[in-house]
Amino acid sequence: LAFGSEEPVCTSGAMFVARGARTAARAAAAARPRRPAHRNMGGGEAYIIGGKEFSTEQVVGGVIAIYATLGVLASAGGGKKKAAPAPVADAAPAASGSVMSMMDDGFEAWAAAPANLKKWEDSVAEMK
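Residue numbers for the sequence shown follow this note's numbering, beginning at 54 and rising by one.
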């Protein structure tokens with residue numbers, strides 16, 4: 054009996070047969086073609102979405118892209134239109150008289166009124 058063992062030690066050669074079988078199994082496993090390790094760029098998990106495999110970085114990038122697209126679309130349009138500015142009331146007449154010069158600010162708004170345009174045309178005719 055072996056020290057600390059209840060069973061007798063086999064000295065018949067079965068041990069050598071078992072060792073040979075393990076060696077043969079290791080050799081067969083080494084000869085099989087190996088599949089390369091799947092690397093997820095340091096990420097922990099691979100996510101399967103729609104039957105395709107994505108890494109954590111790809112999923113995060115996709116979510117950021119979706120939110121960025123929504124932000125651009127929201128800021129580009131779809132908001133309430135601003136009310137048109139109120140029409141400019143008749144501008145004050147020029148300091149030299151009741152007719153504005155074409156160079157004065159607000160001349161277009163002032164000349165939009167038919168009565169003011171008539172005054173301007175009359176003043177131009179007087180200059181000739």
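The beta-carbon is built from N, C-alpha and C at its ideal position, and this holds for glycine as well. Just so you know, these numbers come straight off a predicted model, no measurement behind them.
Collapsed DSSP secondary structure at S176 in the structure displayed: In the sequence shown, residue 176 corresponds to position 123, counting from 1. Residue state, collapsed to three classes: helix.
Simplified DSSP assignment, three categories, for K105: Counted from its first residue, the sequence shown places residue 105 at position 52. K105: strand per DSSP, three-state reduction.
C-alpha gap between E174 and A136, whole angstroms: Sequence index remark: in the sequence shown, residue 174 carries index 121 (1-based). Sequence index remark: in the sequence shown, residue 136 carries index 83 (1-based). Cα to Cα, E174 sits roughly 34 Å from A136.
Bridge partner(s) assigned by DSSP for Y100: By 1-based counting over the sequence shown, the position of residue 100 is 47. Bridge partners of Y100: F107.
Beta-carbon gap between V112 and Y120 smaller than 8 Å: What you label residue 112 is simply residue 59 of the sequence shown in a count that begins at 1. What you label residue 120 is simply residue 67 of the sequence shown in a count that begins at 1. Cβ distance not < 8 Å, so V112 and Y120 don't count as in contact.
N- and C-terminal bounds of the alpha helix (DSSP H) containing A90: Residue mapping note: residue 90 aligns to position 37 of the sequence shown, counting from 1. That residue, A90, is in no alpha helix (DSSP H); it is neither H nor E in DSSP.
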